[in-house]
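S.K.: Protein chains in written order, with our numbering: chain P, 7 to 204; chain H, 7 to 204. Quick reminder that beta carbons are idealized off the backbone N, C-alpha and C, glycines included. All values derive from a computational prediction rather than experimental measurement. One structure is given below, represented as structure tokens, and several questions about it will come after.
Number of protein chains: 2
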Amino acid sequence: MNNLAHDHNNRRMELVLAAASLFRDLGYERTTVRDLGNAVGLQSGSLFYHFRSKEEILVAVMALGITRTTEQLEAALSCADNPRDKLAALFRVHLNSLLGENQAALEVMLYEWRSVSAAARPGLVVLRDRYEALWQTVLDEAAAAGLVGSDTRLLRRTLLGSLHWTVQWFHPEGEMDVDRLADRMLALLLREEPSSTC
Amino acid sequence: MNNLAHDHNNRRMELVLAAASLFRDLGYERTTVRDLGNAVGLQSGSLFYHFRSKEEILVAVMALGITRTTEQLEAALSCADNPRDKLAALFRVHLNSLLGENQAALEVMLYEWRSVSAAARPGLVVLRDRYEALWQTVLDEAAAAGLVGSDTRLLRRTLLGSLHWTVQWFHPEGEMDVDRLADRMLALLLREEPSSTC
DNA sequence: GTCTATATCAAGATAGAC
DNA sequence: GTCTATCTTGATATAGAC
Chain P
7 MNNLAHDHNN RRMELVLAAA SLFRDLGYER TTVRDLGNAV GLQSGSLFYH FRSKEEILVA
67 VMALGITRTT EQLEAALSCA DNPRDKLAAL FRVHLNSLLG ENQAALEVML YEWRSVSAAA
127 RPGLVVLRDR YEALWQTVLD EAAAAGLVGS DTRLLRRTLL GSLHWTVQWF HPEGEMDVDR
187 LADRMLALLL REEPSSTC
Chain H
7 MNNLAHDHNN RRMELVLAAA SLFRDLGYER TTVRDLGNAV GLQSGSLFYH FRSKEEILVA
67 VMALGITRTT EQLEAALSCA DNPRDKLAAL FRVHLNSLLG ENQAALEVML YEWRSVSAAA
127 RPGLVVLRDR YEALWQTVLD EAAAAGLVGS DTRLLRRTLL GSLHWTVQWF HPEGEMDVDR
187 LADRMLALLL REEPSSTC
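Here it is in structure tokens:
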């Protein structure tokens with residue numbers, strides 16, 4: 007059983023979700039085990055029955071963020087049957103995972119790498135590479151269809167950077183919702199005027 | 007005199023530069039005042055003759071990163087006389103400031119916001135906004151010239167996100183140098199095949 | 001301006017009762 | 001499985017000599 011991603015223990019999952027929010031809001035280093043305990047109604051010492059260390063919680067948060075997003079992207083791609091719709095799925099799934107309600111885990115995955123020990127990194131890199139491989143496939147198909155240029159590896163990194171950065175400025179309570187943002191960013195890529203709502 | 011950005015004290019500047027590298031490599035929270043002292047050959051206590059707190063060092067690093075980059079962009083733009091060259095200057099200056107030799111300060115500015123106290127943020131926001139205003143002006147001119155689409159505010163955020171993210175994957179020792187990267191990223195935007203070297 | 005020495009505090013983690 | 005209590009460490013910052 008894949009301990010990184012799947013976890014059928016309710017208490018553990020509850021803790022991981024609470025940790026995701028705290029790590030996102032305060033940063034991993036500034037979040038204390040006492041904060042984590044408070045968030046789920048436990049004393050700080052009790053956390054260590056469920057996790058060996060604070061870092062193990064971080065790794066669990068990150069793994070959850072990236073595997074969930076990957077699963078959602080796979081599901082969305084299987085419903086799309088042309089390159090244009092697949093491109094749209096990339097943007098929508100990624101932004102909803104990053105900016106949607108209670109979706110802190112992916113953001114932690116993106117911005118807390120420095121706190122992950124060398125020992126824990128390879129497992130997370132595998133998960134991240136799997137996600138990015140989906141992106142690469144879709145972009146290559148789009149390039150073959152003439153929708154985007156042929157420099158798809160750089161394009162992948164460029165687009166993912168653009169999307170990742172949205173957490174720094176986008177506020178869901180604003181005038182624009184997440185799906186609308188996805189449409190507008192896709193329109194920038196394709197040089198279309200953004201469509202009304204599809 | 008603007009204490010945030012300009013500093014005519016040599017010792018202070020030496021410290022800020024060393025701190026920039028450490029904060030980038032280890033992260034602000036994981037860098038200790040002992041690390042900072044070691045880097046410049048001082049005992050940790052001696053730092054507090056030059057700075058009131060560790061956070062004051064962080065703010066100085068960030069202010070240096072963004073003001074230097076702004077100055078370099080202003081200089082580059084004043085040498086460019088058409089929208090296309092001004093666009094190219096945006097990319098080149100930003101990437102060289104972010105990825106060039108001993109250019110850690112801007113990266114710290116981008117990735118350590120969470121460690122800046124509410125009291126210190128407004129001063130930095132002013133500096134950042136000044137930089138982004140330069141970007142906005144250039145993009146608006148480019149849109150007027152038909153080089154890019156008209157959604158320039160979103161485009162600005164999208165492009166800056168792409169550039170900021172390069173620190174996560176670009177390695178200057180690789181086959182591609184920073185100016186070449188800038189050209190290729192500009193080519194993506196303009197949908198050109200990247201030119202050889204200009 | 002830099003040193004030595006240390007005050008002060010909070011962090012992650014553990015032990016053993018329940 | 002969770003609690004209370006605490007161990008141990010390492011952090012920022014200060015005081016006062018030089």
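Compute the distance between the beta-carbons of L64/P and Y34/P, then report whether it is under 9 Å.
M.R.: yes
S.K.: Establish whether the CB of H170/P and some CB of chain H are separated by less than 9 Å.
M.R.: yes
S.K.: If you follow the alpha helix (DSSP H) that L153/P is part of, which residue opens it and which one closes it?
M.R.: L153/P -> no alpha helix (DSSP H), and no H or E assigned at all.
S.K.: Given this structure, state the Cα-to-Cα distance separating D189/P from A124/H, to the nearest angstrom.
M.R.: The straight-line gap separating the alpha-carbon atoms of D189/P and A124/H is approximately 34 Å.
S.K.: Quick one: grab the DSSP three-state call for T38/P.
M.R.: DSSP, read as helix, strand or coil, puts T38/P in coil.
S.K.: If you draw a straight line from the C-alpha of E181/P to the C-alpha of L187/P, how long is it?
M.R.: Roughly 10 Å between the two C-alpha positions.
S.K.: Keeping to the same chain, check which residues put their C-beta closer than 8 Å to that of L83/H; ignore five residues upstream and five downstream.
M.R.: Correct list, in chain order: K92, A95, L140 and V144.
S.K.: Provide the residue span of the alpha helix (DSSP H) that contains G71/P, from first to last.
M.R.: K60 to S84
S.K.: Flag this pair as touching only if the region 154 to 170 of chain P and the region 155 to 174 of chain H have three or more C-beta atom pairs under 8 Å; answer yes or no.
M.R.: At 8 Å Cβ cutoff, the stretches touch.
S.K.: Compare the beta carbon distance of L53/P and V39/P with 9 Å and say whether it is the shorter of the two.
M.R.: Yes, they are a contact pair.
S.K.: Starting from the beta carbon of E61/P, find every residue of chain H whose beta carbon is closer than 9 Å, and list them in chain order.
M.R.: Under the 9 Å cutoff, chain H gives no residues; its nearest Cβ is about 12 Å from E61/P.
S.K.: Measuring only between beta-carbons, confirm whether D157/H sits less than 9 Å from chain P.
M.R.: With 9 Å as the cut-off, D157/H counts as an interface residue toward chain P.
S.K.: Please classify D135/P: does DSSP put it in a helix, a strand, or coil?
M.R.: helix
S.K.: Who are the Cβ neighbours of L116/H in its own chain at under 6 Å, not counting the five residues just before and after it?
M.R.: H170
S.K.: The alpha helix (DSSP H) with M19/H in it runs from where to where?
M.R.: N16 to L32
S.K.: Would R197/H and R197/P be called neighbours here (beta carbons separated by less than 9 Å)?
M.R.: yes
S.K.: Can you check whether the CB of L101/H is closer than 9 Å to the CB of V184/H?
M.R.: yes
S.K.: Within 9 Å (strictly less), CB to CB, does S27/P reach chain H?
M.R.: No, S27/P does not count as interfacial toward chain H.
S.K.: Measure the C-alpha to C-alpha separation of T37/H and L130/P and round it to an integer number of angstroms.
M.R.: 24 Å
S.K.: Please list, in chain order, the residues of the region 119 to 150 of chain H that have any C-beta partner in chain P closer than 9 Å.
M.R.: W119, R120 and S121
S.K.: Would R36/H pass as an interface residue toward chain P - the criterion being a Cβ-Cβ separation below 9 Å?
M.R.: yes
S.K.: Closest Cβ-Cβ distance between M191/P and chain H: below 9 Å?
M.R.: yes
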